[in-house]
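The working numbering puts the first residue of the sequence shown at 3, with every later residue one more than the last.
For reference, the structure is listed below as structure tokens.
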Amino acid sequence: MARGPQDLAALPHGVLLVDKAPERTSHDVVARVRWLLGTKKVGHAGTLDPMATGLLILGVGQGTRLLTHLVGLDKTYTATIRLGLATTTDDREGEEIGEVVPAVGLTPQRIEESLDALRGEIQQVPSTVSAIKVDGKRAYARARAGEDVVLSARPVTISDFTVLARRDADPFLDLDVTVTCSSGTYVRALARDLGAALGVGGHLTALRRTRVGPFDVQDAVHVPARGEGDDVELPLRGLGETAAHVMPTVALDEERAIALGQGKRVHATPSPGGADGGVRAALDPEGRLVAVVETEADAEGERLRPVLVVPPEVRS
């Protein structure tokens with residue numbers, strides 16, 4: 003049965019920043035938030051491996067409709083790379099590949115040279131156990147079924163790949179690093195490729211996502227697992243606030259907000275640079291999201307065409 007306006011208004015709507023705990027899947031967190039908030043409409047803007055911790059962005063209610071504008075944002079991670087051994091999954095959870103190769107003697111200069119080759123715009127072969135679909139089936143499912151999975155290289159951008167600290171763990175060398183990269187980058191694959199370039203093998207032992215676009219893990223909340231207690235506050239960010247962080251905005255007066263909310267095209271004062279066809283967040287006088295719009299130029303200036311309209315009773 004379709005929900006009426008009154009039912010929709012009674013449900014939560016917004017965006018939730020979660021600091022995911024280790025050894026929990028992203029789907030576990032989504033399911034838990036659904037239960038805690040009493041709504042089925044919860045989605046994510048990109049998963050984290052169970053081993054990883056850090057920022058997971060969830061859309062709730064009407065917030066799920068904004069997720070498409072969040073999934074492609076660049077991301078920042080802190081990670082630990084262990085040099086001296088490769089694994090089947092490119093992280094600590096995989097089986098060892100080959101023999102251990104002592105890595106403690108690697109010089110900072112040699113490591114830096116290999117890191118430099120992995121910076122900028124590169125072609126990266128994703129990890130075999132990634133979630134990429136091969137002929138309709140996840141690569142990790144095929145790999146775990148014993149199939150020989152070969153994935154094609156993909157263009158990614160690594161804007162920062164810096165060593166923060168190094169620790170000898172004879173015969174291994176552990177590097178604490180920070181990575182800022184485009185969406186779709188596999189940090190596990192960076193660990194693998196760094197180890198391969200140095201001739202010693204490498205894999206990831208720790209991973210934490212600290213930033214997604216303008217959103218920081220310091221502003222995220224812990225979601226208790228089942229059995230850890232249910233008395234927790236899950237503060238939802240407003241749709242207008244969230245949209246304004248990831249796209250240009252256009253301010254509407256009350257009349258245009260009503261018209262745009264009805265799916266009509268409205269005119270707006272030309273913005274600096276003119277209409278570029280890109281998406282913008284159209285906000286009402288209270289800063290609430292009325293719609294995500296595309297801009298079009300015409301004889302009267304700019305015209306706003308709604309591509310996503312938020313029902314008036316749940317605007318935030």
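No residue lacks a Cβ here, since even glycine has one placed at the ideal position from N, Cα and C.
Please read all numbers here as calculations on a predicted model, not as lab measurements.
Residue i versus residue j: straight-line alpha-carbon distance, rounded
i, j, result
"Asp172", "Val219", "33 Å"
"Leu306", "Leu177", "50 Å"
"Met53", "Ala261", "48 Å"
"Val165", "Glu304", "47 Å"
"Gln8", "Ser318", "Note that Gln8 scores 48 on pLDDT, short of 50, meaning its location in the model is unreliable and no value can be drawn from it."
"Ala277", "Ala299", "Because Ala277 sits at a pLDDT of 46, beneath the cut-off of 50, its placement in the model cannot be relied upon, and the point is left open."
"Glu230", "Asp255", "46 Å"
"Val158", "Pro250", "25 Å"
"Asp233", "Ala227", "11 Å"
"Asp30", "Ala246", "29 Å"
"Ala12", "Leu238", "14 Å"
"Ser28", "Val223", "14 Å"
"Leu50", "Arg210", "9 Å"
Alpha helix (DSSP H) segment containing residue i, residue limits
i, result
"Pro237", "Element bounds for Pro237: n/a, residue is neither H nor E."
"Ala191", "189–200"
"Ala284", "Careful: Ala284 lies outside any alpha helix (DSSP H), inside the beta strand (DSSP E) at 281–285."
"Ala12", "7–12"
"Val32", "28–39"
Residue range of the beta strand (DSSP E) that includes residue i
i, result
"Arg307", "303–311"
"Gly263", "It is not in any beta strand (DSSP E) - Gly263 instead sits in the alpha helix (DSSP H) that spans 256–263."
"Thr90", "Here Thr90 belongs to no beta strand (DSSP E), and DSSP marks it neither H nor E."
Sequence-distant residues of its chain with Cβ nearer than 7 Å to residue i (five each side left out)
i, result
"Lys42", "Arg36"
"Leu39", "Pro14, Val62, Leu236"
"Lys266", "none"
"Val312", "Gln64, Leu241, Leu291, Val292, Ala293"
"Tyr188", "Gln126, Pro128, Ser129, Ser132"
"Asp137", "Caution is warranted here: a pLDDT of 49 is assigned to Asp137, below 50, making its placement in the model unreliable, and the coordinate value is therefore given only provisionally. Closer than 7 Å at Cβ, skipping near neighbours: no residue."
"Glu243", "none"
"Ile124", "Val158, Ile160"
Nonlocal neighbours in the same chain, by C-beta distance under 8 Å from residue i, ignoring five residues either side
i, result
"Gly45", "Val32, Leu60, Gly61, Thr66, Leu69"
Residues sharing a beta bridge with residue i, DSSP
i, result
"Thr164", "Thr180"
"Val158", "Ile124"
"Val292", "Answer is none; Val292 lacks a bridge partner."
"Gly56", "Lys22, Arg211"
"Lys77", "Cys183, Val214"
"Ile99", "Ala88"
"Leu175", "Leu85, Asp170"
6 Å Cβ shell around residue i - same chain, five flanking residues per side excluded
i, result
"Gly100", "none"
"Thr78", "Thr182, Thr212, Arg213"
"Val202", "Leu85, Gly86, Val103, Ala105"
"Ser161", "Thr182"
"Ala270", "Val252, Glu304, Leu306"
"Pro314", "Gly263"
"His71", "Val248"
Rounded distance between the beta-carbons of residue j and residue i, thought under 8 Å
i, j, result
"Ala199", "Ser116", "4 Å"
"Gly215", "Gly204", "That belief does not hold up - the Cβ atoms of Gly215 and Gly204 are roughly 28 Å apart, past 8 Å."
"Val73", "Ser184", "Not a contact, Cβ separation roughly 12 Å."
"Asp93", "Arg168", "Asp93 to Arg168, Cβ: 19 Å. No contact."
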